[in-house]
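Asks:
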Amino acid sequence: MIFKWARENNMMFNDSKLQLLRNGSNQEILRSTSFLTSDKQVIPTSAHVKCLGVHLSEDGTFKYHIQETVKKARRMAGWVLRTLYSREEDCMFTLWRALIQPKLDYCCQLWSPHKAVDIQALESVQRAYTWQIRGLKDVPYWDRLKKLGQYSQQRRRDRYIAIYT
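One point on numbering: in our numbering, the residue at position 23 of the sequence shown is 129, and numbering is uninterrupted.
1) Output yes or no for whether 8 Å exceeds the beta carbon distance between Q232 and Q259.
2) Just list the residues that DSSP pairs C157 with in beta bridges.
3) Span of the alpha helix (DSSP H) holding Y235?
4) Beta-carbon within less than 7 Å of Y103's beta-carbon, same chain only, minus the 5 sequence neighbours each way: which residues are those?
5) Considering Cα atoms alone, identify which of A183, V155 and V186 is closest to H171.
6) Could you tell me the alpha carbon to alpha carbon distance between Q357 and H161, rounded to whole angstroms?
7) What's the gap between the Cα of L190 and the Cα of A234?
8) Can you tell me whether W111 is buried or exposed? The criterion is at least 16 other CB atoms within 10 Å of its CB, across all chains shown.
9) Whole angstroms is fine: what's the gap from L210's alpha carbon to D165's?
10) Taking Cβ to Cβ, would you say A124 is nearer than 8 Å to T143?
11) When the Cα of N120 is compared with those of I108, R188 and S131, which residue comes out closest?
12) Bridge partners for L127 per DSSP, in chain order?
13) According to DSSP, which residues form a beta bridge with L142?
14) Tell me where the alpha helix (DSSP H) around V186 begins and ends.
15) Since I believe L228 is in contact with T236 (beta carbons under 8 Å), could you give me their beta-carbon distance rounded to a whole number of angstroms?
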């Protein structure tokens, strides 16, 4: 049906980029059915699909996306900490806002976690980064955020959802 629509609108799909995400409780139907491309090739099934930079898993969750987001943010934070000698607050937070925070914020209105383990995983990136700032090593995390005038990652996502949706 979608290929008919594409033909009628003079569009083409790149068959090599098609992915099939299966979800449902009837395993018999999931195993026995297949979908074909315009040239009658079977579309491969994927455990998770990436669309516009966000991963969706076959169980309908964003757990894989959250794990990947934490990895990217940790990788960038590690790069900043290895590259930068200074641990001064102004310098560190300028780089946080420019390089690391966007990775944690991208499309968060869609995938914002509700499980405590996912929230803590995202929060751990900021916790570890703020611990590296000069003079804040012995300060508890929530007091560090207050001193820096920053929100927690969960609070930021909640505000984004309230503002943009």
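Just so you know, even glycine gets a beta-carbon here, dropped at the ideal spot from N, CA and C. Note that the structure is predicted; figures quoted are calculated from it, not measured.
Replies: With the structure as the only source:
1) yes
2) V160
3) A222 to W237
4) Absent from the structure is residue 103, since the part of the chain shown begins at 107 and ends at 271.
5) V155
6) As shown, the chain starts at 107 and ends at 271. That puts residue 357 outside it, with no answer to give.
7) 16 Å
8) Exposed: under 16 other Cβ atoms inside 10 Å.
9) 22 Å
10) As written in the sequence, residue 124 is Leu, which differs from the Ala given in the question. A contact, by the Cβ cut-off of 8 Å.
11) I108
12) S152
13) V148
14) Secondary structure note for V186: its alpha helix (DSSP H) is the uninterrupted segment K169 to T189.
15) The pair is not a contact, with the Cβ atoms about 14 Å apart (cut-off 8 Å).
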